[in-house]
Amino acid sequence: MAKEDYYKILGVERNADDQTIKKAYRNLAMKYHPDRNQGDAKAERRFKDLNEANDVISDEEKRAAYDRFGHAAFEQGGASSGGFDQGFGHGFSGFSDIFDEMFGDAFSGNRQGRNSQSGRGADLRYNMEISLTEAFKGNKTNIRVPSSVQCDACNGIGSKNGAAPESCNACNGYGKVRAQQGF
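Under my numbering, the first residue of the sequence shown is numbered 57, with each subsequent residue one higher.
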């Protein structure tokens, strides 16, 4: 059975902006929420479909893949998208996951040692101009990405030996210092 178009599920046009998509999702999610429709299997299914559609359409990378390949972009062995088709929805949700795998929490921006847990930071973007020939034939280029690493002077807690009032001079109390990773 063919899946329904994600844009149709959300009731938005293909060229809808993020705000329009967000508003449409919120309105429909409230309408079909299981707490408001207890025992209604159709409403529950519609709510699940809304969440799935919103997950794809509200994510820039997933939306681009969906616009290009449709539902096949998220099915294993789907459209020939150069290898990306197997990833979406199967553990790989975008290039930020590659950075997480390579560098761990180095990009998270959280201050450790202050009862905070590591979490994801903002997505990193790198704009690079390439020629049509480079895009067609391929090209290898090294880039340097600034990141934060744990401060060696205070071991990431923001003050020497855990002392409260005095901040670490090496990291100014942030628990991390700037470093650059190249690849």
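Glycine included, every Cβ here is placed at the ideal spot set by N, Cα and C.
Given this structure, state the Cα-to-Cα distance separating residue i from residue j, to the nearest angstrom.
i      : j      : result
Gly126 : Phe103 : 20 Å
Asp141 : Arg119 : With a pLDDT of only 39 at Asp141, under 50, the local geometry of the prediction cannot be trusted, and no value is derived from it.
Cys210 : Ala58  : 57 Å
Tyr63  : Ala129 : 15 Å
Ala191 : Pro90  : 47 Å
Ala97  : Glu60  : 17 Å
Gln206 : Arg101 : 45 Å
Ala121 : Glu131 : 12 Å
With DSSP collapsed to three states, give me the class of residue i.
i      : result
Gln75  : helix
Val112 : helix
Arg70  : coil
Arg124 : helix
Arg200 : strand
His146 : Unreliable positioning characterises His146 in this predicted model, as indicated by a pLDDT of 42, which lies under 50. The coordinate reading is nonetheless provided below. DSSP places His146 in coil when its eight states are reduced to three.
Rounded to the nearest angstrom, how far is the Cβ of residue i from that of residue j, given a contact under 8 Å?
i     : j     : result
Gly95 : Leu84 : Going by Cβ atoms, the distance from Gly95 to Leu84 rounds to 19 Å, so no, they are not a contact pair.
Take residue i and list the residues in its own chain whose beta-carbon comes closer than 6 Å to its own, dropping the five residues that flank it on each side.
i      : result
Asn93  : Ala99
Arg124 : none
Gly139 : Reliability fails at Gly139, whose pLDDT of 42 lies under 50, so the model's placement of it is uncertain and no value is given.
By Cβ distance below 8 Å, which residues in the same chain neighbour residue i in space, the five residues on each side in sequence not counted?
i      : result
Leu106 : Ile65, Leu66, Tyr81, Leu84, Ala85 and Tyr88
Ser114 : Asp74, Ile77, Lys78 and Tyr81
Asp111 : Lys118
Arg70  : Tyr63 and Asp123
Lys193 : none
Leaving aside the five residues before and after residue i along the sequence, list all residues of the same chain whose C-beta is less than 7 Å from its C-beta, in chain order.
i      : result
Gly186 : Reading off the sequence, residue 186 comes out as Ile, not Gly. For Ile186, where only same-chain residues beyond five positions count, the Cβ hits under 7 Å are Asn195.
Ala109 : Tyr62, Ile65 and Leu66
Considering only heavy atoms of the ligand ATP, does any lie closer than 8 Å to the CB of residue i?
i      : result
Gly194 : Because no ligand of any kind appears in the structure shown, any question about the ligand ATP cannot be addressed here.
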